[in-house]
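Under this note's numbering, think of the first position of the first sequence as -7, with each following residue one higher.
A virtual CB, placed ideally from N, CA and C, is assigned to each residue, including glycine.
It should be emphasised that the depicted structure is a prediction, and the values quoted were computed from it without experimental measurement.
Below is one structure, written out as structure tokens, with a few remarks after it.
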Amino acid sequence: MALEASLPKTYDPQAVEKKWYDFWEENGFFSQTVDLGKKPFSIVMPPPNVTGVLHLGHAMDNAQQDVLARFKRMQGYNTLWLPGTDHAGIATEAKVTEQLAREGTSREEIGREGFMERAWAWKREYGGNITGQLRRLGASCDWSRERFTMDEGCSAAVRRVFASLYERGLIYRGNYIINWCSKCLTTISDIEVEHVEKPGHLWHIRYPAADQDVGEGLAGAARGFAGVVVATTRPETMLGDVAVAVHPDDERYQHLIGKHVILPLMNRKIPVIADAYVDSSFGTGAVKITPAHDPNDYDMGLRHGLEQISILDDAGCINESGGPYGGLSGQEARRRVVADLEALGLLEGVEDHDHAVGQCYRCGTVVEPRVSRQWFVRMAPLAEPAMEAVKQGRIEFVPDRFARIYLGWLENIRDWCISRQLWWGHRIPVWYCQECGAEICGVEDPSSCPQCRGARLEQDKDVLDTWFSSALWPFSTMGWPLETEELQQFYPTSVLVTGRDIIFFWVARMIFMGLEFMGDAPFDKVMIHGLILDREGQKMSKTLGNGIDPLEVIDRYGADTLRFMLLTGNTPGNDLRFYAEKLDATRNFLNKIWNASRFGLMHLEDFEPAGGERLSSDCLSLADRWILSRYEGIAEEVTRRLEDFDLGEAGRLLYEFVWNELCDWYIEMAKPRLYGRGVRSGESVAAETTETTGMSESQETGEAAETSESPEAAMGTARTVLYTVLEGSLRLLHPFLPFLTEEIWQHLPHEGETVMLRPWPQPAGFRDEKLEKDMEALIEVIRAIRNIRSDYGVAPSRKIKAALFCADAGVRDLMRGASADIELMAGCDDMTVLDDLANKPEQAAGAALDGIQVFVPLRGLLDLDKERLKIEKELAAAGEEEKRLAGKLKNPGFVNKAPAEVVAGEREKLAAVQKRLELLRQRLLTIDKADILQPVDQG
RNA sequence: GGGCAAUUAGCUCAGUUGGUUAGAGCGCAUGCCUCACAUGCAUGAGGUCGAGGGUUCGAAUCCCCCAUUGCCCACCA
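Pasting the structure below:
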């Protein structure tokens, strides 16, 4: 009593979450030492940005990882979940830069060294935020192994990998066309460019033939000029044009190939070249070629040996190569160029044209393709094995459709631009000798030039793409390049859990780096989840302002509610909508568990958990055996689902089991015994009662036969079963609801320090599918009776008596004590009683179930109109059913080809329906004839 | 231009290899403050499973086509 009284009626997460998290962490329950004798399970956490804040995406991602980690830990695996954070080059640099601006200073002013100091200070100040937030979520990761992508070890791994790839020619430096963000002031890789379809224009511009005088007198006389009309979406880039291209077979332009035209505004003579890349059917069939600012033109420029004229500066403005337009912004230059062309009469037309504009994925600024000298990773040799690993099943995507996305990307992969014009990051480990020009790359900082012995060395100014260090995460965090025992036990990791948005950024790159440097894939499985959407199905984003802060949710509902909500209600890989009603429903579920446990505690205060061996089946009631069977069935199914990474289904199964089966049925059925009222179903009788004739001939005389065991013994058994199922369910729920389950479990009698280290439930042989089917039938019967009660408005306080006729004695036995509001009539299995009731439909309401008939004497409760309506309804339904069945049985296809037992079954059903129709018609008649009804007996 | 997902009750979603009567939560209706829980209990109403073909004795489920929505990829200027 004291225990249950100490628990409030509703679960209060705020009161317990911190307590248990600290308890777990301080006792080292999350930490794992290497033990090569145990089977390993390992996950590396996708490192969140060190300066970031937890959003719902993180919450879901980490909740999923936590479920797996806790599940595997309970299963006895040596489980490592390794956390850490990412230095997030551009994002962090932008934040620090902003901070400097607020202080009235700047990057340039404080210099590289000063900036790095500020960035590290920023990291020290805010880096703990997100890890603290992960703790609030309940993440059971091993914080003693927390890593940071720029810590010493990870940096050493970066150096080693870079040097190795460099030595083998897999990293090279060169002038290529790259993507430039003029706001972030750095290059970005191809996948960091987002293509957004936008309405734009296609301008048709005439480039006059070069043999005509295009001097100063161009204006006003343009109409007379021949030449060629090109179509472009970016007219300002013409300032950097070096050619016009047409398809070699295009008849319209044969006469121009090899000739020259004049580039208007710049008055440059440029050739007309033939290249099969050009699509004759698009635009005018003639393309202006700007090798310095368009990837296709760049390639074509290489093919034809064309000059690259760069016309943009770092800020995206026209540079001195743009002649009179120098200094203008891109936008402004476009306006002026178009206006000037129009004035010259060279603008032949403008049409609307949607086209994809590349934007920086971080800041949304339009990305300009530029030719620039950068560092690249040669992808072809690395991509090949990475594709093989997935094709051969070495790495498995869950759901597997994501494997195709991965493979598709790698098939068409281009070299990876890894240099960034930033300061915050891993500086490229290459030095240039200022004396002889040698390029030096090494794991150690060089002190002098190995070629000329000169000491004037200057390190490359750029840093590496953040994803370069992320790509090494699965092994750099475990100590590579040292041969650590962590690597030995935990690499390859078991599964990577992440969102589909970073398959390219991260997953693919980890795979090829792992294969290259560890000789094995970094993980066996990749579990991909979707995004969190708002209630309308919109992506949550900062710009839309529809984001929800997971910490506010935790404050209000608790971490477990948030977790469970994020983990259930959808299928793997699909997006998940997030809205308040779902949270409420989940909170109610937690409260249900809470109260079921309070009920349990009332009855288990001085209970000794001696173990399951006390549960031998001969002292169990049918209800006991049923719930134990269901519990084991659920445990098995949940285990299977978790092993298949179907967390949503596992959670749903637990929800339904706990609420519907444990709470709504078992606890209700066990109450009489738990309260010492001693009603106990007669399983001993059931064991003897055969299923021979369908109607038991034994003389069951009500409750006398039921109490073959003392109320005390019955209570003891019920308590043991209740404990077994409740405690076991808490263990099954623990991966989903760590805080709630720990809090309850600690109140229950228990062995061990914490539920999180208890063994995962194992089957103990209570599964009995026949019994489960019987119980299902019983539930149907009880529903039918309650339905009758509801239809006739029987007061809830009044017990309802029912007669139950069924072929199966087991079901009838289950019925005893199954429901507090229903009891079986004495002698109700007597055939004569059945006939009697069936023949007096005005005195009894009935329901026919599969092989079972139920009657409830009405005892004067009959409401004639209601009954009549109901029968009419039933008649209509039965009529329909008869039509359907009769039609089916007339179908020769069905009769001849379906299995004989199916056909026979249908025939039986038809017969039953016809019989029922007849019965209903008679009852209707009787009712119509009845004047006043006499109660059957006095209840 | 390709590819992927989704389309099932008023809303949000399940539905395992084709097989009795298609499920849940929320919402709704009716009745209940029954000694674990009103964040609850009981009962009920509500579905031509996006449209159209096909395979099959039998299709929400397999095949084809179409439509709508969302997402990803793509160097048609």
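Length of the line joining the Cα atoms of Pro263 and Ala202: The residue given as residue 263 occupies position 271 in the first sequence. The residue given as residue 202 occupies position 210 in the first sequence. Using only the alpha carbons, I get a separation of about 9 Å.
For the 8 Å Cβ check, are there 3 or more pairs between the region 91 to 107 and the region 517 to 528? Short answer: they don't touch.
I need the boundaries of the alpha helix (DSSP H) containing Met519, first residue and last residue. Along the first sequence, one-based indexing puts residue 519 at 527. That residue, Met519, is in no alpha helix (DSSP H); its beta strand (DSSP E) goes Phe515 to His521.
Take Glu189 as the anchor and find which of Ala430, Thr225 and Ala896 has the nearest alpha-carbon. If you number the first sequence from 1, residue 189 lands on position 197. Comparing Cα positions, the closest option is Thr225.
Where Pro38 and Lys30 are concerned, what is the direct C-alpha to C-alpha distance, given to the nearest angstrom? Counted from its first residue, the first sequence places residue 38 at position 46. Counted from its first residue, the first sequence places residue 30 at position 38. About 25 Å.
In chain order, which beta strand (DSSP E) runs of at least 3 residues are fully inside the region 261 to 316? 278 to 281
Is the beta carbon of Cys433 less than 7 Å from the beta carbon of Ala155? Locating residue 433 in the first sequence gives position 441, counting from the first residue. Locating residue 155 in the first sequence gives position 163, counting from the first residue. Remark: C-beta atoms of Cys433 and Ala155 approach each other more closely than 7 Å.
Leaving out five residues before and five after Leu177 in sequence, what residues of the same chain have Cβ atoms less than 7 Å from its Cβ? On the first sequence, position 185 is the one that residue 177 refers to. Excluding sequence neighbours, Leu177 sits near Asp306 and Gln413.
For Gly1016, the three-state DSSP class (helix, strand or coil): In the structure displayed, the chain extends from -7 to 931; residue 1016 sits before or after that span and is not available.
Please go through the same chain and pick out, in chain order, the residues whose beta-carbon is closer than 8 Å to the beta-carbon of Gly166, but skip the five residues on each side of it. To locate residue 166, count along the first sequence from 1; it is residue 174. The answer, listed in chain order, is Arg365, Gln366 and Phe368.
By a C-beta neighbour count over all protein chains shown, 10 Å radius and 16 as the cutoff for buried, is Asn41 buried or exposed? The sequence position of residue 41 within the first sequence is 49, counting from 1. Buried, because 16 or more other Cβ atoms sit within 10 Å of the Cβ of Asn41.
C-beta atoms of Gly81 and Thr458 nearer than 7 Å: If you number the first sequence from 1, residue 81 lands on position 89. If you number the first sequence from 1, residue 458 lands on position 466. Against a cut-off of 7 Å, the Cβ pair of Thr458 and Gly81 comes out as a contact.
Kindly give me the distance between the Cβ atoms of Ile585 and Val650, rounded to whole angstroms, as I take these residues to be in contact under 8 Å. Stepping through the first sequence from its first residue, residue 585 is reached at position 593. Stepping through the first sequence from its first residue, residue 650 is reached at position 658. The beta carbons of Ile585 and Val650 sit about 6 Å from each other, so the pair counts as a contact at 8 Å.
Residues bridged to Thr179 [DSSP beta-bridge criterion]: Here residue 179 refers to the residue found at position 187 of the first sequence. Trp172, per the DSSP bridge assignment.
So Tyr199 is in the alpha helix (DSSP H); what residue range does that whole segment cover? Numbered from its first residue, the first sequence carries residue 199 at position 207. Going by DSSP, Tyr199 is part of no alpha helix (DSSP H) but of the beta strand (DSSP E) stretching over Val185 to Tyr199.
Cβ neighbour criterion (16 or more within 10 Å) applied to Tyr571: Numbered from 1 along the first sequence, position 579 holds the residue referred to as residue 571. Exposed is the call here.
According to DSSP, which residues form a beta bridge with Tyr164? Walking along the first sequence from the start, residue 164 turns up at place 172. Beta-bridge pairing links Tyr164 to Phe368.
If distances are taken between C-alpha atoms only, which option among Glu544, Gln530, Met557 and Ile524 comes closest to Gly565? Numbered from 1 along the first sequence, position 573 holds the residue referred to as residue 565. Nearest option by C-alpha distance: Ile524.
Taking the CB atoms as reference points, tell me whether Ala935 and Arg665 lie closer together than 7 Å. Outside the shown range of the chain (-7 to 931) lies residue 935, about which nothing can therefore be said.
Using a threshold of 7 Å, state whether the C-beta atoms of Val717 and Tyr623 are closer than that. Locating residue 717 in the first sequence gives position 725, counting from the first residue. Locating residue 623 in the first sequence gives position 631, counting from the first residue. Yes. Within cutoff.
Note down the Cα distance separating Ile736 from Trp12, rounded to an integer number of angstroms. As a working note, residue 736 is residue 744 in the first sequence. As a working note, residue 12 is residue 20 in the first sequence. If you take the alpha carbons of Ile736 and Trp12, they lie about 11 Å apart.
Using only the alpha-carbon positions, how far apart do Lys534 and Val185 sit? Numbered from its first residue, the first sequence carries residue 534 at position 542. Numbered from its first residue, the first sequence carries residue 185 at position 193. Computed Cα separation, rounded: 18 Å.
According to DSSP, what are the bridge partners of Thr224? To locate residue 224, count along the first sequence from 1; it is residue 232. Beta-bridge pairing links Thr224 to Trp195.
Over the uninterrupted beta strand (DSSP E) stretch that includes Thr123, give me the two end residues. Start at 1 with the first residue of the first sequence, and residue 123 comes out as number 131. Unbroken run through Thr123 is the alpha helix (DSSP H), Arg99 to Leu129; no beta strand (DSSP E).
Across the region 287 to 301 and the region 233 to 251, are there enough close Cβ pairs to call them in contact, namely three or more that are closer than 8 Å? yes
Sub-7 Å separation of Phe599 and Val390 beta-carbons: Translated into positions along the first sequence, residue 599 becomes position 607. Translated into positions along the first sequence, residue 390 becomes position 398. In this structure, Val390 does not lie closer than 7 Å to Phe599 by Cβ.
Secondary structure at Pro601, three-state DSSP: helix, strand or coil? As a first step, residue 601 must be located in the first sequence, where it is residue number 609. Looking at Pro601 - three-state DSSP - the assignment turns out to be coil, as it is neither helix nor strand.
Which term fits Gln530, buried or exposed, when burial requires 16 or more other beta carbons within 10 angstroms of its beta carbon? On the first sequence, position 538 is the one that residue 530 refers to. Exposed.
Mind the definition here: the region 126 to 133 touches the region 107 to 115 only if three or more C-beta pairs lie below 8 Å; say whether that holds. no
Starting from Glu9, trace the alpha helix (DSSP H) both ways and give me its first and last residue. For this step, residue 9 is matched to residue 17 along the first sequence. Note, Glu9: alpha helix (DSSP H), Pro5 to Glu18.
Determine the closest residue to Thr712 out of Arg617, Ala795, Ile540 and Glu768, with distance taken between C-alpha atoms. For the purposes of this step, residue 712 is taken as the residue at position 720 of the first sequence. Of the candidates Arg617, Ala795, Ile540 and Glu768, the one whose C-alpha sits nearest the C-alpha of Thr712 is Arg617.
For Trp472 and Ser486, I'd like the C-alpha separation in whole angstroms. Residue mapping note: residue 472 aligns to position 480 of the first sequence, counting from 1. Residue mapping note: residue 486 aligns to position 494 of the first sequence, counting from 1. Rounded to whole angstroms, Trp472 to Ser486 spans 18 Å at the Cα level.
Kindly list the residues whose CB is nearer than 6 Å to the CB of Ser321, restricted to its own chain and excluding five residues on each side of it in sequence; keep chain order. By one-based count along the first sequence, residue 321 stands at place 329. If the five residues before and after Ser321 are omitted, its C-beta is found closer than 6 Å to the C-beta atoms of Cys309, all from its own chain and listed in chain order.
Using DSSP bridges, identify the partner residues of Tyr424. Sequence index remark: in the first sequence, residue 424 carries index 432 (1-based). Its beta-bridge partners are Glu431 and Glu450.
Given a cut-off of 7 Å, decide if Met258 and Gly315 are closer than it, judged by their beta-carbon atoms. The sequence position of residue 315 within the first sequence is 323, counting from 1. The sequence position of residue 258 within the first sequence is 266, counting from 1. The Cβ atoms of Gly315 and Met258 lie closer than 7 Å to each other.
Apart from the five residues just before and just after Val887, which ones in its own chain have a Cβ nearer than 8 Å to its Cβ? Along the first sequence, read from residue 1 onward, the residue named residue 887 stands at position 895. Cβ within range, chain order: Leu881 and Val895.
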